[in-house]
Amino acid sequence: MTEEFRFIEHCAGDINRTIPKRYRLQGSQCSKCGALFVTKRLICPECKGTDFEEVALTGRGKVYTYSAVRVPLLPVLKKGAYAIGVIELEEGVKAEGQIVDIDPDDVKVGMKVETTIRRAREEYPGKVIYMYRFKPARQ
Amino acid sequence: MNKISILGYGAYIPRYRLKIDEIEKAWSDKEYSTRSRRLGVEEKAVAGFDEDEVTMGYEAARNAVKRAGINAADLGGIITGCMSRRFRDKSASAMIAQMLGTSEVLACDCVHSSKSGSSALILGKSMAEAGDRSVLVIATDNPHAAPCDDLEPLSGSGAVAFVCGKGEGVAHIEGSYSCSREVYDIWQPVEVPYMYYDMNVSRQQFRDVTVQATMAYMERHGTKVDDYSYFVLSQQDARAPLGVARALKIPKEKMAAGFLCMRIGDLYSASALIGLAAILDTAKEGERILASSYGSGGADIIGLRVGKGIKGRKDACPSVEDYLNDKVYIDYLSFLRYSHVL
Amino acid sequence: MPQASRSDVAIIGIGYHKFGIYPEKSLQDLVFGAVTEAMESGKIGLEEVDMLFFADATAQLIGRHSTPAQFVSDHLGLSPKPAIRVESACTSGSNAVREAMANIISGFIDVALVVSAEKIDFPGRENVYRFSTAMSDEDYGVISDFAGPGISALYAVRHMHEFGTTEEQMASVAAKSRTYGAGNPYARFYKKPITLEEVMASPYVVYPLKLPEVNPISDGACAAILCRGDIAKNFVDTPVYVIGFGTGTGPVHLQDFKSFTEIPGLREAGQKAYDMAGVTPQDIEVFSDMDAFSIIEVLSLEGLGFMEKGRGQYAIEEGFSTREGKLPTNPTGGNCSTGGPAGVITLRGINDMALQVRGEGDKLGEGGQVKLSRGLALAQGEGGGGLTNQTVCILSSEPRRRNE
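Chains as they are written, first to last, in the working numbering: chain A, 1 to 139; chain B, 1001 to 1342; chain C, 2001 to 2404.
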């Protein structure tokens, strides 16, 4: 009736464990070499350091590259065309995500965006999974 | 000083609009279209495919917190008023707290009535008064009427949020008055997908209770219609509030700033409060506002006086007008798709 | 001609099962077809095989086989010989060749059977969705409903932005693939050529890639028989020596990519293969890239040093990558034409190139064999959510020269 996807279990991560990172962009910075990652890391790929600090990211940035998905992966996605993109954040790191609140054809490289949160899928009736998304920046 | 003010406010209206013409075209039912025409709503706001009461509430909350100039971690409480939430167990307030990035906070929902939003605001004000941290109040609704139902052209989606706290803010909350009466005008048991309603009972009750409660508030606070620059009411359609205005002799121009249902429909628990946000967008220091919200046979009246803090806060986030103007028209089929009916 | 040694590896048998949609066939049916062909082509019997390397990306998630190598081994009657599964998304097939090589070079085995098969068109498309999105790790990355086509499109848009690449230039990759592949009886789009105009008039799947520029989901299988270089001529007259192999990996999540105009790890994989083979890009005479999406051919030509960075898009209009060009690329059709049974397509690339080196390219369509003087071919493959696994395999008609 109302599910975007019907009962599709998904991916390796446990839903409860990953809630905070689905809502907010959280960076982790290597204490040894200062390299910043959007993905959580246990070992720094740059210097192999294992000490990281969590850094809050603004979620604001510019579109680095994008695409308009015309044929969704699943017919039950039902949402029609949607835009995806890689965003270069103000902090200099990149983040991937869907770009919402815009006609997918109107997305441009260099366009300013900010984060929001949207429904991503429903795993069981009522078990709604939300995800951060990017939308055109208003100011 | 225990004076409680609205420190910040924010709105959110989804960008999709459905013209009532589209619904009429879809059903090509003359009687139906005459009925909906008479109610004066021209288009309604529709939540996108990936939006719901939680995401809209979050957007409005983020705006309000930003406008208040505080951190989410400073909040002592989050109260979400929502009529259309279809969960018996899953706190919207707790989800929004997590989304805002705070956890040491009392998060609770205020549900089961189209005045849940105003009741949440009154509770939030009291909580802020009693405690030492600010309280975030959210009114959000994403109602779904049955296809071809009389409510279909009227039910709109959107959200509004307020941060209540001590000190000089955007507007001082002067007082409130609530009354409750039991009536069967609109009701929905959990096992049925759409609301049952009796619009004639609802209109009459709305008119009677709102007039009575407004008079009671003004009597208790020693004010009269002339003392207020703005009035805002629940807007189940574009006609009912005008009846109340006539009865109370409120001049039409005092209703205009917060009268939005022609453009977005009835937002239920957010209906009067999004009008209040629109008023705050244009009001000047010292002006007084009387907001009234109707639901489940009863009414909440809230009186406000615009404070010094209004200056410099307006541009912190998009205004209601910004959201009203950022719109994309969709057809009836898209509407059904976005509403997850198809 | 140098004598093949104990540490050389040769491909002696090459087999295919036509790619397509086969609701009536099981995974085992597809395997059987490809293995039978490979055995005939290698003039060898199953009893001579020492070990099975089964490569797939989807058997577990889509086909619901949790130990596919054992299923296949049992069906082929190979028990009690060892059988293992190799999985690295679309490079499963090519990495299985690498694992077989390592086993042969180390002296562990003499003859390896490499089989790759996919049964993707399982009822219920959500299996494909499940597979595509499971290439991301929600604990460390994010789930954005990106999949192969979308990610390739992100590369394409950035290439257009930085180097002015046009949609026509990318579309011509698909048109070339379908034109050459129209004669390939193993291709899904056998006898279905398409013109550049038709590609341009097709709907987008993901902007800027249009339907013919995206390889269609297909079932299919390939098999190859590898053996010690010094015994290869006991079986066939024209063994194909694997003289160089390089593998590279990149970040799994797009946010960790440094660039979107370079396939991460491809340059390194290429260098490793060139060094091992003792050749340079200029020596390569025929090339198979994994053009699962048209833009990949552009990026591969650049990443492997065949064309300068930012110029790969001119390969077709300058006649560089056509059958008559300096480096015929996918002369019998790439994935846009043969179809894309995930893990199989990289083994298909190696098989195609092995046939070229043997001079049997016409088996994949009339005029498919390109002229070779040294008999040097390169097959490239990539796979994974963000194209994160790279394989580069260099084949030659002669065993590797050693500087001793």
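Quick reminder that beta carbons are idealized off the backbone N, C-alpha and C, glycines included.
Model, not experiment: these values are computed from the prediction.
For A1247/B, the closest alpha carbon among the candidates L1154/B, R1207/B and C1082/B is that of R1207/B. Taking C-alpha positions only, G2246/C is separated from F1335/B by approximately 53 Å. In the structure shown, H2065/C adopts coil according to DSSP, grouped into three states. Fully contained in the segment 2171-2210 of chain C are the following alpha helix (DSSP H) runs of length 4 or more, in chain order: 2196-2200. One alpha carbon belongs to D2219/C, the other to P2023/C, and they sit about 9 Å apart.
Around the C-beta of Y124/A, fewer than 16 other C-beta atoms lie within 10 Å, and the residue is accordingly described as exposed. Contact between P2281/C and Y2274/C holds: their C-beta atoms lie close to 7 Å from each other, under 8 Å. Rounded to whole angstroms, the separation of the alpha carbons of L1267/B and G2164/C is 48 Å.
Counting the other Cβ atoms within 10 Å of the Cβ of P2203/C gives fewer than 16, which makes it exposed.
With a threshold of 8 Å between beta carbons, K1090/B makes contact with chain A.
Only residues of its own chain outside the window of five on either side were considered, and among them I1020, P1153, L1154, D1237, A1238, C1261, M1262 and G1265 have a CB closer than 7 Å to the CB of V1041/B, listed in chain order.
Across the structure, V69/A and I1330/B are spaced so that their CA atoms are roughly 20 Å apart. Burial is judged here by how many other beta carbons sit within 10 angstroms of a residue's own beta carbon; V1190/B has fewer than 16 and is exposed. Boundaries of the alpha helix (DSSP H) harbouring M1218/B: M1199 to H1221, taken from the DSSP string. When Cβ pairs closer than 8 Å are counted between the two stretches, the segment 2379-2389 of chain C is seen to touch the segment 2239-2255 of chain C, the count reaching three or more. The Cβ of P1318/B sits closer than 8 Å to at least one Cβ of chain A. CA-CA distance, N1142/B to S1091/B, rounds to 16 Å. Between K1003/B and H1172/B, the C-beta gap is smaller than 8 Å, which places the two residues in contact. For V55/A, none of the residues of chain B pass the 7 Å Cβ criterion, the least Cβ distance being about 13 Å. Around the Cβ of L1121/B, a 10 Å sphere holds 16 or more other Cβ atoms; the residue is buried. Chain A places a beta carbon closer than 8 Å to that of F1087/B, counting this residue as a contact. Neighbours of I19/A in chain B, taken as residues at a C-beta separation under 8 Å, are given in chain order as Q1098. Interface annotation, S67/A: in contact with chain C, CB-CB separation under 8 Å. When secondary structure is reduced to three states using DSSP, K2371/C falls in the coil class, being assigned neither helix nor strand. In this structure, the CA atom of I2044/C is about 18 Å from the CA atom of E2360/C.
Around the beta-carbon of P1251/B, fewer than 16 other beta-carbon atoms lie within 10 Å, marking it exposed. Remark: fewer than three beta-carbon pairs, one from each stretch, lie closer than 8 Å, so the segment 2223-2231 of chain C and the segment 2184-2202 of chain C are not flagged as touching. Around the beta-carbon of M2001/C, fewer than 16 other beta-carbon atoms lie within 10 Å, marking it exposed. Spanning the alpha carbons of G1101/B and L1075/B requires a straight line of approximately 11 Å. A straight line joining the alpha-carbon of M2039/C with that of E2048/C spans about 10 Å. Contact check between the segment 32-44 of chain A and the segment 82-100 of chain A: three or more CB pairs, one atom from each, fall below 8 Å, which counts as touching. Along the segment 1280-1342 of chain B, the alpha helix (DSSP H) occurs as fully enclosed runs of 4 or more residues at 1320-1325 and 1332-1338, listed in sequence order. When C-beta distances to chain C are compared with 9 Å, the residues of the segment 37-64 of chain A below that value are F37, V38, T39, K40, R41, L42, P45 and Y64, in chain order. Neighbours of P2203/C in chain A, taken as residues whose beta carbon is under 9 Å from its own, are R70 and V71 in chain order.
Taking a Cβ-Cβ cut-off of 8 Å, the neighbours of E1051/B in chain A comprise R118 and R119, given in sequence order.
C-alpha of S1296/B to C-alpha of D1226/B: approximately 29 Å in a straight line.
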